[in-house]
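**Student:**
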Amino acid sequence: MKDKKLFPLLLAAILIILSWGFKLFDYKIVSNILMLTSAVVSGYKVLKSALLSLKYKTISINLLVSIAAVGAITIGEYWEVAAVTFLFSLGGFLESYTLQKTRNALKYLIDMAPKMAHVVKDGIVEDVPAEDVKIKDIVAVKSGEKIPVDGFVVKGNASVNQSAITGESMPVDVNVGSFVYSGTINENGYIEVETVNSGEDTTFSKILYLVEEAQGEKAPTQKFIEKFSKYYTPSVILASIITFLVKRDLMMALTFLVIACPGALVISTPISVVSAIGNAAKHGVIIKGGEYLENLGKVNIMAFDKTGTLTEGKPFVVNVISAGANRDELLKIAKSLEIRSEHPIAKAITSYVTDEEIFDVDDFVSVTGEGVKGKINGDMHYAGNRKLMLNNGVNIDGIKDHMEREESLGRTPIVVAKNGGAIGIISISDKVKGSSIDAIKELKKLGIKKTVMLTGDNERTARQVKEQLDLDEYFSELLPDEKLKILKSLKKEGIVAMVGDGVNDAPSLAYADVGISMGLGGTDVANDVSNITLTDDNLKKLAFAVGLSRAALRNMKQNIYFSVFVVLSLLLGVIYGDVFLASGMFVHEASVFIVTLNAMRLMKYKGRLR
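In this note's numbering, the protein residues as written are 7 to 616.
1) By the 10 Å Cβ neighbour count, where 16 or more other Cβ atoms means buried, how is residue 528 classified, buried or exposed?
2) Of all the options 244, 168, 438, which has the alpha carbon lying nearest to the alpha carbon of residue 185?
3) Using 10 angstroms around the beta-carbon of residue 560, count the other beta-carbons present and answer buried if the total reaches 16, otherwise exposed.
4) Would a C-beta distance cut-off of 8 Å place residue 266 and residue 573 closer than the cut-off?
5) Quick one: using the 10 Å Cβ neighbour count with 16 as the cut-off for buried, is residue 385 buried or exposed?
6) Look at the alpha carbon of residue 684 and the alpha carbon of residue 91, and state the distance between them as a whole number of angstroms.
7) Could you have a look at residue 379 and say whether DSSP puts it in helix, strand or coil?
8) Which partner residues of residue 480 appear in the DSSP bridge assignment?
9) Looking at the unbroken beta strand (DSSP E) that takes in residue 327, where does it start and where does it end?
10) Please specify which runs of the alpha helix (DSSP H), each continuous and at least 4 residues long, are wholly inside the segment 118-162, giving them in chain order.
11) At which residue ranges does the segment 521-587 contain complete alpha helix (DSSP H) runs of 4 or more residues, listed in the order of the chain?
12) Taking the alpha helix (DSSP H) that residue 428 falls in, what are its first and last residues?
13) For residue 299, which residues in the same chain have their Cβ closer than 7 Å to its Cβ, ignoring the five residues on either side in sequence?
14) What are the boundary residues of the alpha helix (DSSP H) that includes residue 56?
15) What does residue 418 pair with, by DSSP beta-bridge criteria?
16) Run through DSSP, which three-state label would residue 349 get?
17) Going by DSSP, what residue range makes up the beta strand (DSSP E) through residue 318?
18) In three-state DSSP terms, what is residue 502?
19) Using the DSSP secondary-structure output, state which residues sit across from residue 22 in a beta bridge.
20) Skipping 5 residues on each side, what residues in its chain have a beta carbon closer than 7 Å to that of residue 181?
21) Quick check: what's the CA-CA separation for residue 361 versus residue 335?
22) With a CB to CB cut of under 8 Å and the five nearest residues on each side skipped, what residues in its chain are close to residue 15?
23) Could you check if residue 127 is buried or exposed, using at least 16 other CB atoms within 10 Å of its CB as the buried criterion?
24) Can the beta-carbon of residue 44 be found less than 8 Å from the beta-carbon of residue 139?
25) Can you tell me whether residue 398 is helix, strand or coil according to DSSP?
26) What residue range is occupied by the uninterrupted beta strand (DSSP E) comprising residue 443?
27) Would you kindly work out how many angstroms separate the C-alpha atoms of residue 600 and residue 237, rounded to a whole number?
28) Check whether the segment 443-459 and the segment 302-319 are in contact - that is, three or more C-beta pairs closer than 8 Å.
29) Between residue 210 and residue 157, what straight-line distance do the alpha-carbon atoms span, to the nearest angstrom?
30) Leaving out five residues before and five after residue 87 in sequence, what residues of the same chain have Cβ atoms less than 6 Å from its Cβ?
31) So residue 521 packs on residue 537, CB below 8 Å; how close in whole Å?
32) What residues match up with residue 166 in a beta bridge as DSSP calls it?
33) Enumerate in chain order the residues of its own chain whose CB-to-CB distance from residue 152 is below 6 Å, with the five nearest sequence positions on each side excluded.
34) Using the beta-carbon count (16 or more within 10 Å), is residue 62 buried or exposed?
35) Can you give me the Cβ contacts of residue 68 inside the same chain, cut-off strictly under 7 Å, excluding the 5 residues immediately before and after it?
36) Helix, strand or coil for residue 359 per DSSP?
Written out as structure tokens, the structure reads:
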């Protein structure tokens, strides 16, 4: 494809050189014929594209160049027409070549997609296309091979490079029970994987689709420029006609027509968007469109969920306090209730209690943001926070001191109650992520003026996390709808991004100016409604994304200002008779190339990922 585009340019260049050779020896007719032939060779596709745009009732830059070329021929300026068509075609070739470079991140991802899979059936290994693997199929992955499916390891162990998904090249050790992703590489070891997702349903394929779609999405600035160009280009033709009528100088009018083309301005934004989104994808940040890239670049308030976002999201039991029931009975009641819940705290309790036996529970209810309740042997039992107890008339006076002491240690006390009285406390803790502290510092350096934590946890635990991370503000004991109210208030102060990973974060992620979901372990709902997804739980990637988006905004502005400056300078040059058709086209195409190269710098942006 590249050769097909390059050949006419090389031929046109040779013809121009030959024509100048004949001109030196005063063979003007031969020289002019060669110039015209060169113009036809390099300008054929330009004219074809111009006529096609007229068919669809649009005025393109190709039409302006074609008019200028025909006009130059009519007044015998053969060198000008050869130079204009050659330079314009050369500019188009260089632009498409460099634009393809910016899309290399997508090609890099496509190349990483596994093509074949070793499916194990009855001890026999059969090679099949990766997209034909079925759910539950067992796939063997040898050392050095790409994993072709999402699934759980059922045999063996290995070191897996997950850079295709997370952007991190440090291998992760996996063994039986570990979840692995399509597109990642088994660097050492042998594993067999039970397929959960294959083909288009794999995490890798979804990322690939999102990046491909996002690179085609238009940023608000791009939409404005395209709308502006729709009216600007016809205005250029009108202005060129007026110039001819006033000055009676056809060459000046034709030069005006060519150099006023908004070529660099039109590509100034999309090329920056493509470069930035491609770079983000390579580093494990999936930005779902230019609009969200631009919005993130303007964000000045960052709101965070606590559990799983700022903390590890792997709560664990640290203390059990009995008050009215023996320890074993207390834990058995708690497990019987919590085993029916998917909340991280429920999982912490059920994994802590080793007793396999549980009570039958009737009339079970999970209360969002509060806890769970249900009948055991005819008595109503509860497991949840202070709010659940107060809303159900449970007396917690006897354990208040214990609760406050646990909360002062940054723990979450889960009260277990029977009928109207508390029978004990199970205290839960969760570690703050190591990456959270550095990420918050970096976000503040990048211009985030306010960092806010929104959590359903108790006030004391929330305050301790807030102080540990040096956050500006926190709100505790919130229900999902209360988080939404706070976001509405924050939006009055600035442009807000919300970062979360759970179902309860989905309304806030959808409402924020930019919704950011954390990690592939986050819920499908959170990932679906978010505008940006971080493919692992490293919050430093959030700081990288903010830094990249701000760099992209600066890059767009630089390109726009430069493009406008070049056009205005050329117009003044035409008016004062210092710029002619060939030289004007050269500067015009050079500006397009410079804008493209400037945008490509975004592909090298790394910020502080480590």
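Even for Gly, the Cβ is constructed at its ideal location relative to N, Cα and C. As the structure is a prediction and not an experimental result, all values here were calculated from the model.
**Tutor:** With the given structure in hand:
1) Residue confidence for residue 528 is low, a pLDDT of 49 falling below 50, so the modelled location carries little weight; the figure read from the coordinates is stated next. Label assigned to residue 528: buried.
2) Of the listed residues, the one whose Cα sits closest to residue 185 is 168.
3) Of the other Cβ atoms in all chains shown, fewer than 16 fall within 10 Å of the Cβ of residue 560; this residue is therefore exposed.
4) The answer is yes: Cβ separation under 8 Å.
5) Counting the other CB atoms within 10 Å of its CB gives residue 385 a total below 16, which places it among the exposed residues.
6) As shown, the chain starts at 7 and ends at 616. That puts residue 684 outside it, with no answer to give.
7) DSSP, read as helix, strand or coil, puts residue 379 in strand.
8) The beta-bridge partner set that DSSP reports for residue 480 consists of 459.
9) Bounds of the beta strand (DSSP E) holding residue 327 are 322-328.
10) Unbroken alpha helix (DSSP H) runs of no fewer than 4 residues, entirely contained in the segment 118-162, are not found.
11) Correct list: 530-535, 546-581.
12) First-last for residue 428: 427-435, but that is the beta strand (DSSP E), not the alpha helix (DSSP H).
13) Sequence-distant partners of residue 299 (beyond 5 residues in either direction) whose C-beta falls short of 7 Å from its own C-beta, in its chain, are 225, 279, 282, 283, 293, 555, 558.
14) Here the alpha helix (DSSP H) through residue 56 covers 34-61.
15) Here residue 418 is bridged, per DSSP, to 434.
16) Three-state result, residue 349: coil.
17) Going by DSSP, residue 318 is part of no beta strand (DSSP E) at all; its letter is neither H nor E.
18) Three-state DSSP puts residue 502 in a strand.
19) Per DSSP, none; premise fails for residue 22.
20) Hits under 7 Å: 159, 163.
21) Answer to the nearest angstrom: the Cα atoms are 10 Å apart.
22) Setting aside the 5 residues that flank it on each side, residue 15 is surrounded in the same chain by 48, 92, 95, 96, 99, each with a C-beta closer than 8 Å to its C-beta; the list follows chain order.
23) An exposed status is given to residue 127, since fewer than 16 other beta-carbon atoms sit within 10 Å of its beta-carbon.
24) Not in contact: residue 44 and residue 139 (Cβ atoms no closer than 8 Å).
25) Under the three-state reduction of DSSP output, residue 398 falls in the coil class, being neither helix nor strand.
26) Per DSSP, residue 443 belongs to no beta strand (DSSP E); it is in the alpha helix (DSSP H), 440-451.
27) Rounded to whole angstroms, the gap between the alpha carbons of residue 600 and residue 237 is 25 Å.
28) Yes, the segment 443-459 touches the segment 302-319.
29) Taking the straight line joining both Cα atoms gives about 12 Å.
30) Within its own chain, the residues whose Cβ lies closer than 6 Å to the Cβ of residue 87, once the five positions on either side in sequence are excluded, are 45, 75, 78, 79, listed in chain order.
31) That belief holds up - the Cβ atoms of residue 521 and residue 537 are roughly 5 Å apart, short of 8 Å.
32) Answer is 178, 192.
33) Sequence-distant Cβ neighbours of residue 152 in its own chain, meaning closer than 6 Å and more than five residues away, are 120, 191.
34) By the neighbour-count rule (16 or more Cβ atoms within 10 Å), residue 62 is not buried but exposed.
35) Within the same chain, 52, 55, 56, 59 come within 7 Å of residue 68 by CB-CB distance, once the 5 residues on both sides are set aside.
36) If DSSP states are grouped into helix, strand and coil, residue 359 belongs with coil.
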